[in-house]
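**Q** Chains as they are written, first to last, in my numbering: chain R, 267 to 670; chain S, -6 to 279; chain C, 1010 to 1333.
From the three backbone atoms N, C-alpha and C, an ideal C-beta is built for every residue, glycine too.
Source: prediction; values computed, not measured.
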Amino acid sequence: MKITLKKRLTVAAAAMAMTMAGSVGLASADDDVLVIGAPLALTGGLADEGKKQQDVWKLWLDKINAAGGIDVAGKKMQVKFVEYDYQTDGKRAGQLAEKLINDDGVDVIMAPFGSGHTKIIAAVAERYQVPMLACVASSVSVYDQGFKYLFGTLAPNTGMTESMVEFFKEKKPDLKKVAVYGRDDVFPKAMATALSKSAETGGLDVVYNELYAVGTMDHSAAISAIKSADPDWVYMTGYTQDLILGRKQLADMGVTAPIVTMVTGPAYREYTEGLGDLADGVTSSTWWHHSTAYTDAVGPWSTTADFYADFTAAYKSDPDYVSASCAAAADVLVNAVQVAGSKDKQAVRDALAATDILTFYGPIDFGENGMNQGREMPIIQVQGEEIKVLYPASIANAEMKMIK
Amino acid sequence: MDIIQILLNGIVLGSLYACIAIGFSLVWGVLNIINMLHGSFIILGGYLAFFAWQYSGVNPVFLLPIIAALLFGLGYLLQYFFINKVVMSPVLTTLTLTFGLDMILYNLMTVFFTATPRRVTLDLGTINLGDMYLPVDRLMGMGLALFLTALLFLVMRASKIGRAIVAVRMDRQAATLMGIRVNNVYAITFGIGAFMAGAAGVIFSMVFPITTNLTGTFLGKAFVICVIGGLGSVPGALIGGIALGLIESFAGYTIGPQNATTVGFVLMLFLLIVRPTGLVGVKGYE
Amino acid sequence: MKQFLYFGAFALWVALIAATPLLADNYTIRIAISIAMFSAMAVSWNFIGGFTGYPSFSTAAFFGLGCYAGALAQRNGIPLVMAWVFATLFVAVFAAMLGAIILRLKGHYFAIGSIAIVDLTRLITSSWGSLTGGGDGLNVPLLQGSPQEVSALVLYVMLAILIVAFLTSIYVDRSRLGFGLKCISQNEDAADMVGVNTTSFKIVAYTLSAVFCGAVGAVYASWVGYIDPTDSFSILLTLKVPVMVLLGGAGTLLGPVLGAGVFVMLEEVFWANFLEWNRAILGGIIVFLIFFLPNGLLKIQYRTLYGALVQKLRSAPKQAEKSS
Chain R
267 MKITLKKRLT VAAAAMAMTM AGSVGLASAD DDVLVIGAPL ALTGGLADEG
317 KKQQDVWKLW LDKINAAGGI DVAGKKMQVK FVEYDYQTDG KRAGQLAEKL
367 INDDGVDVIM APFGSGHTKI IAAVAERYQV PMLACVASSV SVYDQGFKYL
417 FGTLAPNTGM TESMVEFFKE KKPDLKKVAV YGRDDVFPKA MATALSKSAE
467 TGGLDVVYNE LYAVGTMDHS AAISAIKSAD PDWVYMTGYT QDLILGRKQL
517 ADMGVTAPIV TMVTGPAYRE YTEGLGDLAD GVTSSTWWHH STAYTDAVGP
567 WSTTADFYAD FTAAYKSDPD YVSASCAAAA DVLVNAVQVA GSKDKQAVRD
617 ALAATDILTF YGPIDFGENG MNQGREMPII QVQGEEIKVL YPASIANAEM
667 KMIK
Chain S
-6 MDIIQILLNG IVLGSLYACI AIGFSLVWGV LNIINMLHGS FIILGGYLAF
44 FAWQYSGVNP VFLLPIIAAL LFGLGYLLQY FFINKVVMSP VLTTLTLTFG
94 LDMILYNLMT VFFTATPRRV TLDLGTINLG DMYLPVDRLM GMGLALFLTA
144 LLFLVMRASK IGRAIVAVRM DRQAATLMGI RVNNVYAITF GIGAFMAGAA
194 GVIFSMVFPI TTNLTGTFLG KAFVICVIGG LGSVPGALIG GIALGLIESF
244 AGYTIGPQNA TTVGFVLMLF LLIVRPTGLV GVKGYE
Chain C
1010 MKQFLYFGAF ALWVALIAAT PLLADNYTIR IAISIAMFSA MAVSWNFIGG
1060 FTGYPSFSTA AFFGLGCYAG ALAQRNGIPL VMAWVFATLF VAVFAAMLGA
1110 IILRLKGHYF AIGSIAIVDL TRLITSSWGS LTGGGDGLNV PLLQGSPQEV
1160 SALVLYVMLA ILIVAFLTSI YVDRSRLGFG LKCISQNEDA ADMVGVNTTS
1210 FKIVAYTLSA VFCGAVGAVY ASWVGYIDPT DSFSILLTLK VPVMVLLGGA
1260 GTLLGPVLGA GVFVMLEEVF WANFLEWNRA ILGGIIVFLI FFLPNGLLKI
1310 QYRTLYGALV QKLRSAPKQA EKSS
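#1: Alpha carbons only, please: which of 114(S), 98(S), 96(S), 178(S) is nearest the one belonging to residue 539(R)?
#2: Cα separation between residue 187(S) and residue 34(S)?
#3: Consider the C-beta atom of residue 588(R) and the heavy atoms of the ligand ADP; say whether any pair is separated by less than 8 Å.
#4: In whole angstroms, give me the CA-to-CA distance for residue 385(R) and residue 1281(C).
#5: Do you know how far the Cα of residue 580(R) is from the Cα of residue 324(R)?
#6: Mind checking if residue 1097(C) is an interface residue toward chain R, Cβ cutoff 9 Å exclusive?
#7: Would the stretch 570 to 578 of chain R and the stretch 336 to 343 of chain R be scored as touching if the rule is three or more Cβ pairs under 8 Å?
#8: For residue 1055(C), return the contacting residues in chain R, with the cut-off set at a CB-CB distance below 7 Å.
#9: According to DSSP, is residue 1238(C) helix, strand or coil?
#10: Measure the alpha-carbon distance for residue 607(R) versus residue 298(R) and round it to whole angstroms.
#11: Ignoring anything shorter than 3 residues or poking outside the stretch 1142 to 1167 of chain C, list the beta strand (DSSP E) runs there in chain order.
#12: What are the start and end residues of each continuous alpha helix (DSSP H) run of 4 or more residues lying completely inside the stretch 1292 to 1325 of chain C, in chain order?
#13: Identify which residue in 414(R), 670(R), 494(R), 380(R) has its Cα closest to the Cα of residue 389(R).
#14: Helix, strand or coil, according to DSSP, for residue 292(R) in the structure here?
#15: State the DSSP-derived secondary structure class of residue 550(R), mapped to helix, strand or coil.
#16: Shortest alpha-carbon distance to residue 1215(C) belongs to which of 1056(C), 1173(C), 1133(C)?
#17: Within 10 angstroms of its Cβ, does residue 1301(C) collect 16 or more other Cβ (buried), or is it exposed?
#18: Residues in the stretch 1124 to 1138 of chain C with C-beta within 9 Å of chain S's C-beta atoms, listed in sequence order?
#19: Does the Cβ-Cβ distance between residue 1243(C) and residue 450(R) come in under 9 Å?
#20: Excluding sequence positions up to five away, which residues of its chain have a Cβ less than 7 Å from the Cβ of residue 1130(C)?
#21: What are the uninterrupted segments assigned as beta strand (DSSP E) that are 3 or more residues long and contained completely in the stretch 332 to 420 of chain R, given in chain order?
#22: Could you spell out the range, first to last residue, of the beta strand (DSSP E) harbouring residue 445(R)?
#23: Which residues bound the alpha helix (DSSP H) around residue 77(S)?
#24: From which residue to which residue does the alpha helix (DSSP H) around residue 527(R) run?
#25: Relative to the C-alpha of residue 116(S), which candidate in 130(S), 137(S), 220(S), 244(S) has its C-alpha closest?
#26: Run the CB neighbour count on residue 1198(C), radius 10 Å, all protein chains shown included, and call it buried at 16 or more, exposed below.
#27: Taking the alpha-carbon positions, what's the residue 1085(C) to residue 254(S) distance?
#28: Going along the chain, which residues of its own chain have a beta-carbon closer than 6 Å to the beta-carbon of residue 39(S), five neighbours each way excluded?
#29: At the 9 Å Cβ level, is residue 10(S) part of the contact set with chain B, yes or no?
#30: From this set, 525(R), 550(R), 628(R), 542(R), which residue's C-alpha is nearest residue 567(R)'s C-alpha?
#31: What in chain R is Cβ-close to residue 1039(C), meaning under 9 Å?
#32: Counting only the same chain and skipping the five closest in sequence on each side, list residues whose C-beta sits under 8 Å from that of residue 1182(C).
#33: From the DSSP output, which residues share a beta bridge with residue 654(R)?
#34: Using a Cβ-Cβ cut-off of 8 Å (strictly less than) and excluding sequence neighbours within five positions of residue 1018(C), which residues of its own chain qualify?
#35: Along the chain, where does the alpha helix (DSSP H) that runs through residue 474(R) open and close?
#36: Buried or exposed: which applies to residue 55(S), given that a residue is buried once 16 or more other Cβ atoms fall within 10 Å of its Cβ?
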């Protein structure tokens, strides 16, 4: 008797599976709507970054809707975003990309924050031949797998480090010794490696060059070693929480290097808020800063200033490179659909590959591997309460200050 | 001179580690529960300190008793109404239950506080002795570790509740027969564990950026420290914490920061196998 | 008779999962793959956690090592299926050697030690950059074919692993080994005294708990095309699998399969409908499980429950009469 109950239970579970399979919504195969799928990290470790993407796309979409949609081949096409939270869990990210493609019938995918999760989703998009735009993945290792449907709006890291070494050498002619300390994670590691290479090519002495493991909660041993190497320049990479701790411990342990660079710390408001006065003087590089001034751009914002005005009005804070790059990715996509004249995936993919346009965020021209071509990327510095731009000269609004 | 700085770093860091582990060790030693909530308790203490500071501007050190008392209340209630029901079950059950409770607490914290790293930006400076540097906030952590250890020692030795905890720890049945309300004693013990986590969190809010992403890291440290120091003795967590701090500090300096954490785990496994009672080793909170 | 019904229920369930590529879209197949994957790991864990009663939390270490062994083998030119086999064997050998050391621990110490293994393997993988790519992770050659073909292939391989795991568990349950393991679970010292070779029995159980996780990991890596240390060695995974087994019924044959299926589907429902709260809801399920289903779904006394319900319904009107 008991056994038949077991069996009944199993059947019940099976029935449940069937119902679930049936209840999953069917794709809307509407020709007049461009459906963009976005798996986002709205909870978990990358929740803050996921929220930024969500916010800026909402702003972008409102703008598009206000104009009644986009013009494609003489007709108005509506745009829709489908977003899911993948909880900063790689397994889920892949699963969601599959859900977006199959259940929601998306025409294109926007990748979430970070090179690692972008890789997972890119593999799914490639398999289904769905075009995908990565707006926050800058490591070359994401793009060197020969994927045909993957395009990234950030430029490669290496350009950043070379111009930085040159710029600092110019500002501080006696610059000699640099200490490099990076988090062992896709993007921070790539930056640390690139910088130590650029520094060596630039004739600097790399006196300390180590990585720290993910989950490190104390840097005192490394910082003591850095202190005894007595560098003129400390270059540390990591996520905001690592960098806040690192900056504080540098001060605690009496490291007095005149240049402290943290990537991407100062690009985020949380960083300066978590440090207070200690943030003063820290330099960083970033892909974009709102004081750049592009005009005659495609998309809903024809100038950088327009974007800045709309963004600050909506969210009461300055947009950072994540916001700008992600909004620009949406512009690029719309442009590709317009060029292709339809949302046919193959046509859109080809149009993307041929993209060469100017957005409010800057010029976008995908290279052979699908990555945006390098260009001059800003170097920024925290000065008092504000973030100032030091480089390139065309948009600089302050002189570099050394940390005393 | 480097050697002395590394040594100091290790001791100071080790004291912070001891703050993490004291409450965890007490709960494990007395209740026989691996408390997966412990890391979240510390972070909760840190968040409460941060928001109280942001709201009132009062230095978190003065808020410490209040926040720790709040955590005591939370711990007491959780033990009294939930964990006591399964306190005699095998480790699989108790561990899973505290893990389930932790998922709830973690979720509440991310929803209400978000995962943004936050820190109390009162920089207390650093004491400079020749070439040596000792950050003041970390020294306060060291003070807290010593204070908590002393407090625990006194409570266990001299107070009625402490004797009751020891009695329950040694023989639950006999203690029941002697008229000790075992459930109450368990709840108080768990509450003390949470109290200590809360106190650590308050100090940590000045030392570390507080974010829910750290709960797992803290918990992992607590595991390692308890195994190294040994369970069931009052100074075990302090000694284990300092031992781990020194190991990580020297490993980080000599073989590089990338492998420093690994060394701690390897040592822990080694000790588990050859000396499961830890460096200090006495059984029970006598 | 009893065995026959076990087979029947299991075969029906497997057939249903296997039919998804014919009936449903790729996303549903993806859920089916998750179910097969977690079921295989749950059946695995049952050898050590269910039969033997050892609170092992090293599942994620075996899964992660399987991912990496499979990926590295493939990257070094070993053909796909051979790479999977290699990963499986590698994990088995690793578990046997580790088991010989770590199984000397009991209770809480064993639990902590087995969790530490997950952290340790993760740390070593991420710091051994020259071999494993470190924090960069590894790209694994993608499976060739259309999405439908790939999903179906992965599903059938995962199901095959599940079937082998399940058959092994039936075999172990009926054999001297299973008897020995249950003795250990009851009272290890007594088992030792009556002549059960507890050490080697435990090592076998621990290895069995690893081997299928390793296989699942290797196939998973080929499927997703990219692995990194944080996702491969996840503490959440290591705790989820035992919860699944507890949900179904630890130490039973069908329990792990049932528990994994129900858990994955519950997760799917909650996660789709309660974005912000899904973690708390899963926590709530665990708490509920511990208090109200301590022995899992399979061991509920459904007849008693039904009887009590009927009785209550019958007595309710009477009470109402009385009180009026």
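**A** So, to answer that:
#1: 114(S)
#2: 6 Å
#3: The ligand ADP is not among the ligands present in this structure, which contains no ligands whatsoever.
#4: 23 Å
#5: A direct Cα-to-Cα measurement between residue 324(R) and residue 580(R) gives close to 10 Å.
#6: It does not: the Cβ of residue 1097(C) has no partner Cβ on chain R nearer than 9 Å.
#7: no
#8: Going along chain R, no residue has its Cβ under 7 Å from residue 1055(C), so there is no contact; the nearest lies around 16 Å.
#9: helix
#10: 12 Å
#11: none
#12: none
#13: For residue 389(R), the closest of 414(R), 670(R), 494(R), 380(R) by C-alpha to C-alpha distance is 414(R).
#14: Residue placement at residue 292(R) is flagged as unreliable, the pLDDT there being 39, under the threshold of 50; a coordinate-derived value is accordingly withheld.
#15: It is a strand residue.
#16: 1056(C)
#17: exposed
#18: Those residues of the stretch 1124 to 1138 of chain C that come within reach of chain S (Cβ to Cβ, closer than 9 Å) are 1124, 1125, 1126, 1128, 1129, 1132, 1133, 1135, 1136, 1138.
#19: no
#20: 1070, 1073, 1074, 1242
#21: 336 to 338, 341 to 351, 374 to 376, 398 to 400, 416 to 418
#22: 443 to 449
#23: Careful: residue 77(S) lies outside any alpha helix (DSSP H) and carries neither H nor E.
#24: From DSSP, residue 527(R) is part of no alpha helix (DSSP H) but of the beta strand (DSSP E) over 525 to 529.
#25: 130(S)
#26: exposed
#27: 30 Å
#28: Excluding positions up to five away in sequence, the list reads 194, 197, 198, 203.
#29: The chain inventory of the structure shown lacks chain B, comprising the protein chains R, S and C.
#30: 628(R)
#31: 360, 361, 364, 365, 368
#32: 1060, 1262
#33: 647(R)
#34: 1263
#35: Run containing residue 474(R): none in the alpha helix (DSSP H); it sits in the beta strand (DSSP E), 471 to 478.
#36: exposed
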